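Below is one structure; the comments refer to it alone.
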Amino acid sequence: MTDQLPPCPECSSAYVYQVDNLLTCPECGYEWVSEEPADTASEVRDSVGNTLLDGDTVTVIKDLKIKGSSSVVKVGTKVRGIRLVHGEHDIDCKVPGIGKMGLKSEFVKKVSG
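The sequence shown lines up with residues 274 to 386 when you count with this note's numbering.
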């Protein structure tokens, strides 16, 4: 266990334990919510598991039909300067020849270098 939990704010006991986001003191029974934010949930990964960041360049790994249009984003299309957002389509970008759109990270691969 590498995380050091804070002492109980009621009785200053060091024997605090954590269940999900709730901290509990076994000596006095006091319970409170941990103040630490959960950063790991916001991590976005591409189709092969590489971590994506704002500004990365990615390539499309399969042909993607554009809803409401007869256009297709072809496999191998390189998209520069992506922006990560929350939601089902977690990448906002500008696809060359098509324009602004949202992509799912499972259909792209990060370009190294």
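Ideal Cβ positions, reconstructed from N, Cα and C, are used throughout, including at glycine. The structure displayed is predicted, hence computed values, not measured ones.
Beyond the five residues adjoining it in sequence on each side, Lys347 comes within less than 8 Å, by CB distance, of Val333, Asp336 in the same chain, given in chain order. Taken through DSSP and simplified to helix, strand or coil, Glu304 comes out as strand. Taking 7 Å as the cut-off, the Cβ atoms of Ser344 and Ile371 count as close. Nearest to Glu283 by alpha-carbon distance, out of Ser320, Lys382, Leu325, Glu300, is Glu300. Per DSSP, the unbroken beta strand (DSSP E) holding Ile364 starts and ends at 364-368.
Shown here for Lys351: same chain residues with a beta carbon closer than 6 Å to its own, the five before and five after excluded, namely Thr332 in chain order. The C-alpha of Lys367 is placed about 17 Å away from the C-alpha of Asp319.
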